[in-house]
Ligand code: ATR
């Protein structure tokens with residue numbers, strides 16, 4: 001039977017085995033999917049992948065803290081992995097190892113298909129300038145928003161990230177970077193996306209209520225945390241549609257599954273099953 005796995009450290013919390021086993025059952029694909037904890041330290045990720053390949057592994061998902069190591073390990077990087085500087089899915093083909101990053105495309109699919117929020121022509125605010133934000137920028141730009149603002153606590157980091165994408169061909173009239181103080185100017189966003197790790201430590205962000213549009217959407221990329229401080233801020237600002245990252249999680253998994261197996265699984269029921277109430 002073809003073997004797949006998710007590799008991370010820690011890995012006990014990962015929902016990937018549940019998701020991929022459900023996809024396999026629903027699409028009639030004969031495969032196994034396990035969770036592997038790679039030790040931390042130089043060379044440990046590569047050694048873990050090598051062992052898995054040698055025992056018949058066909059592909060892996062990669063989660064924290066190994067997404068950069070996955071990029072370094074791969075022989076062939078898709079544009080998504082190259083631009084993000086990180087990979088979350090690997091596929092083994094003979095001696096080659098192909099790398100993809102489906103986090104951003106999973107996010108865009110969740111926003112547009114599941115949450116009914118078209119992105120074309122709209123004003124988007126992306127909070128954070130770390131790995132999660134970097135992976136989202138290109139897929140969001142591809143959806144042709146009117147504007148995409150990337151704002152971060154450390155403004156210089158967001159500005160550098162934006163400069164990098166503009167150097168790669170992004171439209172400087174669409175993509176803007178800076179600090180949260182850019183929100184002191186009254187401007188409103190249709191979609192506000194939290195890609196910072198602040199929700200993991202239950203910290204609030206310095207966001208004025210006027211940045212949110214009540215008829216827009218607030219999206220926190222974390223999942224399973226209920227109403228995070230960010231989502232509460234959005235709710236208090238009158239935003240009616242709130243979402244966490246459960247849809248992004250399932251959609252990126254569906255993209256990887258389709259890439260490995262050539263069959264795209266349905267996601268709707270699984271997203272519903274894994275959702276926790278946002279209150
Ligand atoms: P990830 O890969 O999850 O994006 P990361 O690369 O460590 O993680 O980036 C974390 C992001 O969350 C950064 O943008 C960080 O802001 P700084 O660059 O200014 O450090 C942001 N972040 C984390 N905690 C935050 C907080 N309490 N308030 C605002 N931003 C926060």
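Residue numbers (the working numbering): 1 to 279. Idealized CB from N, CA, C, for every residue including glycine.
Check whether residue i and residue j have beta carbons under 8 Å apart
i: residue 169; j: residue 135; result: no
i: residue 218; j: residue 231; result: yes
i: residue 192; j: residue 143; result: no
i: residue 165; j: residue 175; result: yes
i: residue 71; j: residue 64; result: no
i: residue 80; j: residue 101; result: yes
i: residue 180; j: residue 205; result: yes
i: residue 89; j: residue 266; result: no
i: residue 278; j: residue 242; result: yes
Three-way DSSP call (helix, strand, coil) for residue i in this model
i: residue 103; result: helix
i: residue 266; result: coil
i: residue 243; result: strand
i: residue 254; result: helix
i: residue 77; result: strand
i: residue 64; result: coil
i: residue 174; result: coil
Assigned exposure category for residue i - 16 Cβ within 10 Å defines buried
i: residue 201; result: exposed
i: residue 60; result: buried
i: residue 199; result: buried
i: residue 1; result: exposed
i: residue 20; result: buried
i: residue 252; result: buried
i: residue 240; result: exposed
i: residue 108; result: buried
i: residue 117; result: buried
i: residue 216; result: buried
i: residue 268; result: exposed
i: residue 228; result: buried
Chain-order list of residues whose beta-carbon lies under 8 Å from that of residue i (same chain, five-residue window excluded)
i: residue 39; result: 9, 48
i: residue 195; result: 126, 127, 128, 130, 132, 133, 136, 221
i: residue 262; result: none
i: residue 66; result: 7, 8, 9, 38, 45
i: residue 258; result: 264, 265
i: residue 86; result: 67, 68, 70, 71, 101, 131, 134, 135
Cβ-based neighbour list, residue i, same chain, cut-off 6 Å, excluding 5 preceding and 5 following
i: residue 57; result: 3
i: residue 285; result: Any answer about residue 285 is impossible in this case: the structure gives the chain only from 1 up to 279.
i: residue 84; result: 101, 134, 135
Could I get the ranges of all uninterrupted beta strand (DSSP E) runs contained in the segment 180-214, with 3 residues as the minimum, in chain order?
189-194
Continuous alpha helix (DSSP H) assignments of at least 4 residues falling wholly in the segment 79-162:
79-84, 103-109, 131-142
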